[in-house]
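Chains as they are written, first to last, in the numbering used here: chain E, 1 to 329; chain Y, 1001 to 1329. A quick write-up on the structure given underneath.
Protein chains: 2
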Amino acid sequence: MTAPTYDVAAIGNALVDIIADASDAFLQTHGIAKGGMMLVDADRASMLYSAIGPAVEMSGGSAANTVAGIASFGGKAAFMGKVKADQLGGIYRHDLTAQGVHFATPPSHTETPTGRCLILVTPDAERSMNTYLGAAVEFGVGDVDEATLRAASITYLEGYLFDPPEAKRAFRHAAAIVRDAGRQLALTLSDVFCVERHRAEFIDLIAADVDILFANQNELLALYQTQDLNTAIDAARKHCKIAVTTRSAKGAIIAAGNETVEVAAVPPVKLVDTTGAGDLFAAGFLYGHTHGKTLAESGHYGALAASEIISHYGPRAQRALKGLVGQAA
Amino acid sequence: MTAPTYDVAAIGNALVDIIADASDAFLQTHGIAKGGMMLVDADRASMLYSAIGPAVEMSGGSAANTVAGIASFGGKAAFMGKVKADQLGGIYRHDLTAQGVHFATPPSHTETPTGRCLILVTPDAERSMNTYLGAAVEFGVGDVDEATLRAASITYLEGYLFDPPEAKRAFRHAAAIVRDAGRQLALTLSDVFCVERHRAEFIDLIAADVDILFANQNELLALYQTQDLNTAIDAARKHCKIAVTTRSAKGAIIAAGNETVEVAAVPPVKLVDTTGAGDLFAAGFLYGHTHGKTLAESGHYGALAASEIISHYGPRAQRALKGLVGQAA
């Protein structure tokens, strides 16, 4: 096996984030589940957009946020995902490539515009996401760049990919390539509702193919249908080599075989917007893990990156993350 | 004269801001004058965009920032400016109307996309702007909504409008309507280079038609070709009823007839990005001035709004500005 060209290659839904403040009353009026991700069609996306206040736009998408973070740490990263060649698609492509992420997926050629995620940030800094997948649903098996996956130490897939049917097929195709290449497969469960939609398939996949699992506490409890975190972590421990469970302000628990590492959270200077916290924890962890760091060190990198991202609006770093780990990196 | 429907109506270049961090070396390499605004064509805009790092997008444009600020204070505001009905134009229209600003200018129907301003923020928080006017150049006399100007207590024009030839004609047409309606005309000089490009015409216009002039110290010195601020302020004092000169951290000087009011700056919690400081000072001042406040009080509102805007990225308020002035407003 040749040395990997990339530390991490990711496949994800390519989405531009549209971020606006909203009140709890607004969420209630519009039937939006706080803290979750709801899929919406073009009409509902348009209705919600006309109802929200002034917004800020920036590139997002869970797995893309993670590889952007890895590149910001100084790691080598690649991304696959579908945009249209429209203005938002151009912005999306610019931001990933400008961060140093290899992104070669050709744009779609249908009328469907680039996907977007309306992120409503309530005064408690919690984010509630409303995703119009747009062109992201057109990502298919043909968009999986086998050479890049074979050249990546770890391939990182987001659970959200199970929502668009073509992407789910691409997901399985990618997992097969990674297994065949003898590389590692990482998965993030993405969202409690996403787990509820695809539980059985997730469990099968994790048991069969996943080396590194990322989940927050609620997602892991939902996956294994238990209220006891230790029970859930022990189930995950049996299913994959490393299970990383994030717990917001309580930090994270990393389970690997018989080893269990507790990681303390790094408090942000000011808690502004939790968007991207999980994505950036994964970025820090994967950067550390692919650079010879211990589980505890890698977890600390994750906590540092998550702390940076929740101290401002949006899911992409506002400063080079490599600065956070200084000489240690 | 009937009571005004709007506190302020503004005409300006409708631009989406693309905000990215940049080093001083980057500015030097690309021949960008720090702190200024340079007009760029589509090719240079595209070249610069491909050279900058990951960015954030939000609606901008000098006069539009000001009316968005006035609406955020709780004032009644209108805007006229040209976008195309493309994705960025849709974002632009959404943000202004969602802020409560009346914005009825029909979109352009040419191939030219919505204009944008690449804003490079250096580590000292200074912003350097590179503007591709795009559809904004198609704003013409026919886009001046006479009824709205007649119904506005103050019409606010940005000096940048002198750059697109059609907009300059619209500018003069608007000034004539305001004079005929017996309303007040306000002008911001926008930029030192803009003053250099149009000095003689600005002086003629200010002497003939402008009631309230906004300028920063360097713009005012450039206008009157002097190095002495008192000389420049006294010249402005003779040309218009109120001359507001902003001086960054030194606050502002308001000259009105024989009266001179010094306004202290309000230090930001953290200086992040100076984009929109002048625009928001004007917003606070005009909101106060149209709500029965003294020159000193209005100036303080301006200082409060400017302080909010420079404490984060971008030229639009992240919280309702009316909260800054509390019961006093």
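Backbone N, C-alpha and C define an ideal beta-carbon position, used for all residues, glycine too.
Member of the options whose CA lies at the smallest distance from the CA of residue i
i	options	result
Gly78/E	Asp86/E, Val101/E, Phe285/E, Gly61/E	Note on residue identity: the sequence assigns Ala, not Gly, to residue 78/E. Nearest C-alpha to Ala78/E: Val101/E.
Gln217/E	Asp209/E, Asp211/E, Thr226/E	Thr226/E
His198/E	Ile242/E, Thr131/E, Gly134/E, Glu219/E	Glu219/E
Asn1065/Y	Ala1243/Y, Gly1284/Y, Glu1297/Y, Phe1139/Y	Gly1284/Y
Ala330/E	Met38/E, Leu88/E, Lys238/E	There is simply no residue 330/E to check, as chain E begins at 1 and stops at 329 in what is shown.
Val1144/Y	Ser1062/Y, His1173/Y, Ala1151/Y	His1173/Y
Leu1324/Y	Arg1316/Y, Tyr1301/Y, His1312/Y	Tyr1301/Y
Val56/E	Tyr224/E, Leu88/E, Val67/E, Thr231/E	Leu88/E
Ser1072/Y	Ser1023/Y, Val1008/Y, Asp1191/Y, Thr1188/Y	Val1008/Y
Phe1193/Y	Leu1221/Y, Arg1179/Y, Ile1206/Y, Lys1168/Y	Leu1221/Y
Arg1183/Y	Ser1190/Y, His1312/Y, Ala1147/Y	Ala1147/Y
Ala1003/Y	His1291/Y, Ser1190/Y, Ala1152/Y	Ala1152/Y
Ala25/E	Ser46/E, Arg44/E, Ala14/E, Ala51/E	Ala51/E
Ala200/E	Ala232/E, Leu223/E, Asp180/E, Asp191/E	Leu223/E
Thr188/E	Arg179/E, Ala181/E, Leu205/E	Leu205/E
Ile1046/Y	Ala235/E, Gly90/E, Ser311/E	Residue identity check: residue 1046/Y is Ser in the sequence provided, not Ile. Measuring from the Cα of Ser1046/Y, the nearest candidate turns out to be Gly90/E.
Asn1258/Y	Asn1230/Y, Leu1027/Y, His1312/Y, Phe1202/Y	Asn1230/Y
Ala1235/Y	Ala1207/Y, Met1037/Y, Arg1247/Y, Gly1288/Y	Ala1207/Y
Arg247/E	Thr290/E, Arg179/E, Ile203/E, Ala303/E	Ala303/E
Gly1060/Y	His1109/Y, Leu1280/Y, Gly1031/Y, Ala1249/Y	Leu1280/Y
His1291/Y	Lys1076/Y, Glu1111/Y, Ala1010/Y, Tyr1049/Y	Lys1076/Y
C-beta contact flag for residue i and residue j at 7 Å
i	j	result
Ile70/E	Leu295/E	no
Ala1186/Y	Ile1154/Y	yes
Ala98/E	Pro1123/Y	no
Met58/E	Gly314/E	yes
Leu1213/Y	Ile1177/Y	no
Asp95/E	Pro113/E	no
Gly12/E	Gly81/E	yes
Asp209/E	Ala175/E	yes
Pro158/E	Ser298/E	It is worth fixing the name first, because residue 158/E is Glu in this sequence and not Pro. Not a contact, by the Cβ cut-off of 7 Å.
Thr29/E	Arg127/E	no
Ala33/E	Arg316/E	no
Gly278/E	Ala264/E	no
Asp211/E	Lys241/E	yes
Ala125/E	Asp273/E	yes
Tyr132/E	Ala14/E	no
Val83/E	Pro107/E	yes
Ala215/E	Thr245/E	yes
Tyr1160/Y	Ser1190/Y	yes
Lys1293/Y	Gly1074/Y	no
Ala170/E	Val141/E	yes
Sheet register partners of residue i (DSSP bridge)
i	result
Met1037/Y	Met1129/Y
Met1058/Y	Asp1017/Y
Ala394/E	Because chain E here runs from 1 to 329, residue 394/E falls outside it and cannot be looked at.
Glu259/E	Ala256/E
Ala215/E	Thr245/E
Lys322/E	DSSP output for Lys322/E lists no bridge partner at all.
Ser50/E	Ser50/E is not bridged to any residue.
Ser1108/Y	Lys1084/Y
His1102/Y	Ala1078/Y
Extent of the continuous alpha helix (DSSP H) to which residue i belongs
i	result
Tyr287/E	277 to 289
Leu96/E	87 to 98
Pro165/E	165 to 181
Glu308/E	295 to 309
Ile1206/Y	1192 to 1209
Gln1225/Y	That residue, Gln1225/Y, is in no alpha helix (DSSP H); it is neither H nor E in DSSP.
Glu146/E	146 to 150
Asp1024/Y	1024 to 1029
His1239/Y	1229 to 1239
For residue i, the first and last residue of its enclosing beta strand (DSSP E)
i	result
Ile254/E	252 to 256
Val121/E	115 to 121
Tyr184/E	The identity of residue 184/E in the sequence shown is Gln, whereas the question assumes Tyr. Here the beta strand (DSSP E) through Gln184/E covers 184 to 188.
The ligand SAM heavy atom lying under 6 Å from the CB of residue i
i	result
Ala68/E	The ligand SAM is absent from the structure shown, which contains no ligand whatsoever.
Okay, do the segment 9 to 28 of chain E and the segment 115 to 130 of chain E touch, 3+ Cβ pairs below 8 Å being the bar?
With the cut-off at 8 Å, the segment 9 to 28 of chain E and the segment 115 to 130 of chain E touch.
Take every Cβ of the segment 1155 to 1172 of chain Y, pair it with every Cβ of the segment 1120 to 1138 of chain Y, and state whether three or more of those distances are shorter than 8 Å.
Verdict: yes, contact present.
Check whether the segment 1249 to 1269 of chain Y and the segment 1292 to 1309 of chain Y touch, using three or more Cβ-Cβ pairs below 8 Å as the test.
Taking 8 Å as the limit for Cβ pairs, the verdict is that the segment 1292 to 1309 of chain Y does touch the segment 1249 to 1269 of chain Y.
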